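Enquirer: Please see the structure below; I have some questions.
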Amino acid sequence: MTTTDVNNKWVEVVTAARKCRLLELRELVELRDVAKPMVPRPLGKGNRISLLLSFVLDVFLAEASRDTAVWLDILAVNQHEETIAHKHDVAGFDAVVKACSGGTIVVMDVAKTNPASRGWCIYEWSCTLAVHGADGLHVSFPNASDRKAVVSTIDIRNAQCQLPRDKDMILRSVEERHGSPKAFDTSLKLQLLLEPLSYSMDLRRLLKRAKGTVWALGPVGSWLKQQQPGSSGRVLCIASGAGEGKSTISAVLCSEHEQLPPGSISAFHFLKYNDQRRLDPVRIVKSLAFQLASRFPAYAEAILALDVVAVAQLSDVEEAFVMLLLGPLQELAKHAEAQAQAQAQGQAQPPGPLPAQLVLLLDALDEADPLGEQLGEEGAKSQFPLPHVYGLYGTIFQSSLGAGDEGRVRDLIGVLQAAKEPLAQSFLAQLGLGDAVPLLPGSPTLFFVDTHRLYSVHKSLGDWLRDPSLSGAFAADVVKGHELLGRLLASTWRHSPARAYALKHALTHLGAAACTGVDQGGSDEAVKALDELLGDAEFLQAVAAAGCLPRALSALGSLPSHTKLSGDMLRWLRLEQGMLFPVDV
Numbered sequence: 001m002t003t004t005d006v007n008n009k010w011v012e013v014v015t016a017a018r019k020c021r022l023l024e025l026r027e028l029v030e031l032r033d034v035a036k037p038m039v040p041r042p043l044g045k046g047n048r049i050s051l052l053l054s055f056v057l058d059v060f061l062a063e064a065s066r067d068t069a070v071w072l073d074i075l076a077v078n079q080h081e082e083t084i085a086h087k088h089d090v091a092g093f094d095a096v097v098k099a100c101s102g103g104t105i106v107v108m109d110v111a112k113t114n115p116a117s118r119g120w121c122i123y124e125w126s127c128t129l130a131v132h133g134a135d136g137l138h139v140s141f142p143n144a145s146d147r148k149a150v151v152s153t154i155d156i157r158n159a160q161c162q163l164p165r166d167k168d169m170i171l172r173s174v175e176e177r178h179g180s181p182k183a184f185d186t187s188l189k190l191q192l193l194l195e196p197l198s199y200s201m202d203l204r205r206l207l208k209r210a211k212g213t214v215w216a217l218g219p220v221g222s223w224l225k226q227q228q229p230g231s232s233g234r235v236l237c238i239a240s241g242a243g244e245g246k247s248t249i250s251a252v253l254c255s256e257h258e259q260l261p262p263g264s265i266s267a268f269h270f271l272k273y274n275d276q277r278r279l280d281p282v283r284i285v286k287s288l289a290f291q292l293a294s295r296f297p298a299y300a301e302a303i304l305a306l307d308v309v310a311v312a313q314l315s316d317v318e319e320a321f322v323m324l325l326l327g328p329l330q331e332l333a334k335h336a337e338a339q340a341q342a343q344a345q346g347q348a349q350p351p352g353p354l355p356a357q358l359v360l361l362l363d364a365l366d367e368a369d370p371l372g373e374q375l376g377e378e379g380a381k382s383q384f385p386l387p388h389v390y391g392l393y394g395t396i397f398q399s400s401l402g403a404g405d406e407g408r409v410r411d412l413i414g415v416l417q418a419a420k421e422p423l424a425q426s427f428l429a430q431l432g433l434g435d436a437v438p439l440l441p442g443s444p445t446l447f448f449v450d451t452h453r454l455y456s457v458h459k460s461l462g463d464w465l466r467d468p469s470l471s472g473a474f475a476a477d478v479v480k481g482h483e484l485l486g487r488l489l490a491s492t493w494r495h496s497p498a499r500a501y502a503l504k505h506a507l508t509h510l511g512a513a514a515c516t517g518v519d520q521g522g523s524d525e526a527v528k529a530l531d532e533l534l535g536d537a538e539f540l541q542a543v544a545a546a547g548c549l550p551r552a553l554s555a556l557g558s559l560p561s562h563t564k565l566s567g568d569m570l571r572w573l574r575l576e577q578g579m580l581f582p583v584d585v
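Note that the UniProt record's numbering has the sequence shown beginning at 1, numbered continuously upward.
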């Protein structure tokens, strides 16, 4: 049964007498079951209703708190087209997306209905990207073929809408936001193809910190103007101690400062020690390529000409560098050189496809070093903690913990310290910990939500929480955090928006909770979940398909002890890993 069937045969029928929204029928929907939504979930026409409800009930809301709500259009929108309420609801879709604090989760069944062929679906994605940024659009493709089908089909002008007036409204909105339907198509294709990282939070917070600062960027401006045609490249290094403002300077350089030539920085990346996405070299290359494609139309054309499946399968950084950066730039450089020669011969030529020089900014390279090297470089400094800062943390925690929700707050702290990247609000809601966020000690300063993810204020807070000798009774239960994360990922990885995270880190989390290396052993539930996941051939195939098998081998190989299955699976995977790598991702 499709969503259209449910709407036509049930929703419109039961609301016909009152011409109202289904949510307004108190005999069917109690008032206590209506709340401000965290995420919108429009039901694309023709999609299976079972797929949508399975995701909402069995994945997203399975462990979520009682207050977590999802917006479903056939329930929340008046379905009677002749009513004023219907016109109001349709016109107010932008406001719905803006009101949903968790961004938008995309559930798709490409074999049944390609969402890229539906005007309302891709309009929803456009609204989400405009309001919430890249971190607000949660799209998970089961395989590379589905990704290719969606990316290659995006064409807002030819997308289907049931009503012509809806299509006209969507096209007007697209032109207002993006300038043209073609620009919109290009932007969305690049977003879904390259999955770029978002840096809006970094720039905003760093620039806020720098407000009122008088800058002397003359030396940087002079360096930028000293273009050397034909050179193999130059490097400008800004070096200083930890916490002395290097990242703030980087943010200012990326902000089109008046002391610098316009468009000085072509693309940038901010590394973060506690975010594996920011340390993944392939993700870094894809993010740089996305920024270059967003700035230079010729570069975008070169990227969009690539095979979607090949881009999705990238796992080797050198291959990614050649495919997404070096190759396109070399081709465009040849084109620019040919144009220059023609211009020198007096032939009129349009502007070149690229500027005279491309400047890439990489911030916090020291945070990409292996932990052992970082500690070694710190030397004696690593032996002297920050007693006054740690004392402040202790005072704040002392005054904050102790309320009725202390257990859930402690669980959330453990989860945050175990997580491999800042967690999305929607994921925290799935854990049943979403409403514990404002109860965190020092919130919203020590812990804060930005771009739909939960962050901590500084690395020192994590150091303090993970070291019981420093934090004492307030030390994070990292093992329990690993267990909570691992068990949720193990049960929801097939259809979760966090599927990519699950394929990379589920075994790491479950292993840390199941095999602690201490006398009392690990969690029985974690042991069971780990062995079930290792015995799931579909999961192992998906891990290999995503290029995560080396990470899985590392996770199993680093276990201090083994479960009934983990040791055997480690040996088998080492021997047979070549057989697991699929043709399709």
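We treat Cβ as the ideally placed atom computed from N, Cα and C, and that holds for glycine.
Predicted model only: the values in this text are computed from it and were never measured.
Measuring CA to CA, which of A546, N47, M1, A506 is closest to A555?
Expert: Here residue 555 refers to the residue found at position 555 when the sequence shown is read from its first residue. The residue with the shortest Cα to Cα distance from A555 is A506.
Enquirer: Where do the ends of the beta strand (DSSP E) carrying F290 lie?
Expert: One-based indexing of the sequence shown puts residue 290 at position 290. For F290, no beta strand (DSSP E) encloses it; the enclosing alpha helix (DSSP H) starts and ends at 281 to 295.
Enquirer: In whole angstroms, what is the alpha-carbon distance linking F447 and Y455?
Expert: Position 447 of the sequence shown holds residue 447. Position 455 of the sequence shown holds residue 455. C-alpha separation (whole angstroms): 6 Å.
Enquirer: Relative to the alpha-carbon of N158, which residue among L461, G119, Y393 has its alpha-carbon at the smallest distance?
Expert: On the sequence shown, position 158 is the one that residue 158 refers to. Proximity to N158 across L461, G119, Y393 peaks at G119, based on C-alpha coordinates.
Enquirer: So, does the region 296 to 314 touch the region 429 to 447, judging by three or more C-beta pairs under 8 Å?
Expert: no
Enquirer: Could you tell me if residue 629 is buried or exposed, where buried requires 16 or more neighbouring beta carbons within 10 angstroms of its beta carbon?
Expert: This structure cannot settle anything about residue 629, because the visible part of the chain is limited to 1 through 585.
Enquirer: Looking only at its own chain, which residues have a Cβ that is under 6 Å from the Cβ of R487, when we skip the five neighbours before and after it?
Expert: To locate residue 487, count along the sequence shown from 1; it is residue 487. Excluding residues within five positions, the ones whose Cβ falls inside 6 Å are A529.
Enquirer: Roughly how many angstroms separate the alpha carbons of A475 and S287, rounded to a whole number?
Expert: Against the sequence shown, residue 475 aligns to sequence position 475. Against the sequence shown, residue 287 aligns to sequence position 287. Whole-angstrom Cα-Cα distance: 35 Å.
Enquirer: For W71, report the span of its beta strand (DSSP E) as first-last.
Expert: Within the sequence shown, the letter at position 71 stands for residue 71. Per DSSP, W71 belongs to the beta strand (DSSP E) from 70 to 72.
Enquirer: From the DSSP output, in three-state form, read off Y455 for me.
Expert: Position 455 of the sequence shown holds residue 455. Assigned with DSSP and collapsed to three states, Y455 falls in strand.
Enquirer: In the structure shown, what three-state DSSP assignment does Q160 receive?
Expert: For this step, residue 160 is matched to residue 160 along the sequence shown. It is a strand residue.
Enquirer: Which same chain residues end up closer than 6 Å to V527 when comparing Cβ atoms and leaving out the 5 residues on each side of it in sequence?
Expert: On the sequence shown, residue 527 is found 527 positions in, with the first residue counted as 1. A514, T563, listed in sequence order.
Enquirer: Please look up how many angstroms separate the CB atoms of D135 and S198, rounded, as I've assumed it's under 8 Å.
Expert: Residue numbering aside, residue 135 sits at position 135 when the sequence shown is read from its first letter. Residue numbering aside, residue 198 sits at position 198 when the sequence shown is read from its first letter. D135 to S198, Cβ: 5 Å. Contact.
Enquirer: For Q330, count the other beta carbons within 10 Å of its own beta carbon; 16 or more makes it buried, fewer makes it exposed. Which is it?
Expert: The residue you call residue 330 lines up with position 330 of the sequence shown. With fewer than 16 other Cβ atoms within 10 Å, it is exposed.
Enquirer: Are there three or more Cβ pairs, one per stretch, closer than 8 Å when the region 134 to 154 is compared with the region 492 to 500?
Expert: The way I'd put it, the region 134 to 154 does touch the region 492 to 500; three or more beta-carbon pairs between them come closer than 8 Å.
Enquirer: In chain order, which beta strand (DSSP E) runs of at least 3 residues are fully inside the region 205 to 277?
Expert: 267 to 270
Enquirer: Distance, Cα to Cα, L51 vs H88?
Expert: Taking the sequence shown and counting its residues from 1, one reaches residue 51 at position 51. Taking the sequence shown and counting its residues from 1, one reaches residue 88 at position 88. So the alpha carbons of these two residues sit roughly 28 Å apart.
Enquirer: Taking only three categories from DSSP, how would you classify I154?
Expert: As a first step, residue 154 must be located in the sequence shown, where it is residue number 154. Here I154 sits in coil by DSSP.
Enquirer: Going by DSSP in three states, S200 sits in which element: helix, strand or coil?
Expert: Mapped onto the sequence shown, residue 200 falls at position 200. Reduced to three states, the DSSP call for S200 is helix.
Enquirer: How far does the beta strand (DSSP E) with V139 in it extend, from its first residue to its last?
Expert: Residue 139 sits at position 139 when you count from the first residue of the sequence shown. Note, V139: beta strand (DSSP E), 137 to 139.
Enquirer: Distance check for C237 and A342, CA to CA, integer angstroms please.
Expert: Your numbering for residue 342 matches position 342 in the sequence shown. Your numbering for residue 237 matches position 237 in the sequence shown. One C-alpha to the other measures close to 37 Å.
Enquirer: Under 8 Å, with one C-beta from each stretch per pair, do the region 88 to 102 and the region 149 to 157 reach the 3-pair mark?
Expert: no
Enquirer: Just to confirm the assignment, what range does the beta strand (DSSP E) spanning T104 have?
Expert: The sequence position of residue 104 within the sequence shown is 104, counting from 1. 104 to 106 is the extent of the beta strand (DSSP E) around T104.
Enquirer: According to DSSP, is T113 part of a helix, a strand, or is it coil?
Expert: As a position in the sequence shown, residue 113 is number 113, starting the count at 1. DSSP places T113 in strand when its eight states are reduced to three.
Enquirer: Starting from L53 and walking both ways along the alpha helix (DSSP H), at which residues does that stretch end?
Expert: Here the question's residue 53 lines up with position 53 in the sequence shown. Note, L53: alpha helix (DSSP H), 49 to 53.
Enquirer: Using DSSP with H/G/I as helix, E/B as strand and the rest coil, what is T4?
Expert: Taking the first residue of the sequence shown as 1, we reach residue 4 at position 4. It is helical.
Enquirer: Tell me whether E195 is buried or exposed, calling it buried when 16 or more other Cβ atoms sit within 10 Å of its Cβ.
Expert: As a working note, residue 195 is residue 195 in the sequence shown. Per the 10 Å Cβ criterion, buried.
Enquirer: Inspect the CB distances between the region 355 to 364 and the region 238 to 257 and report whether three or more fall short of 8 Å.
Expert: yes
Enquirer: Can you tell me where the alpha helix (DSSP H) with F474 in it begins and where it stops?
Expert: Reading the sequence shown from its first residue, position 474 is the one you call residue 474. Element bounds for F474: n/a, residue is neither H nor E.
Enquirer: Please classify S222 as buried or exposed, where buried requires at least 16 other C-beta atoms within 10 Å of its C-beta.
Expert: Against the sequence shown, residue 222 aligns to sequence position 222. Exposed is the call here.
Enquirer: Under the three-state reduction of DSSP, which class applies to Q313: helix, strand or coil?
Expert: On the sequence shown, residue 313 is found 313 positions in, with the first residue counted as 1. Three-state result, Q313: coil.
Enquirer: If you draw a straight line from the C-alpha of A289 to the C-alpha of A336, how long is it?
Expert: To locate residue 289, count along the sequence shown from 1; it is residue 289. To locate residue 336, count along the sequence shown from 1; it is residue 336. If I take the Cα positions, the gap works out to 19 Å.
Enquirer: Run through the DSSP bridge pairs and tell me what P40 is partnered with.
Expert: Position 40 of the sequence shown, counting from 1, holds the residue named residue 40. Beta-bridge pairing by DSSP links P40 to W71.
Enquirer: Under the assumption that F270 contacts R278 (Cβ atoms under 8 Å), give the Cβ distance between them as a whole number of angstroms.
Expert: Along the sequence shown, one-based indexing puts residue 270 at 270. Along the sequence shown, one-based indexing puts residue 278 at 278. That pair is a contact at about 7 Å.
Enquirer: Starting from the Cα of L207, find the closest Cα among G462, E483, E256, S180 and give me that residue.
Expert: For the purposes of this step, residue 207 is taken as residue 207 along the sequence shown, with counting starting at 1. When each option's Cα is compared against that of L207, the closest is E256.
Enquirer: Which residues in the same chain have their Cβ closer than 7 Å to the Cβ of D435, if we skip the five residues on either side of it in sequence?
Expert: As a position in the sequence shown, residue 435 is number 435, starting the count at 1. Taken in chain order, the residues that qualify are S65, D67.
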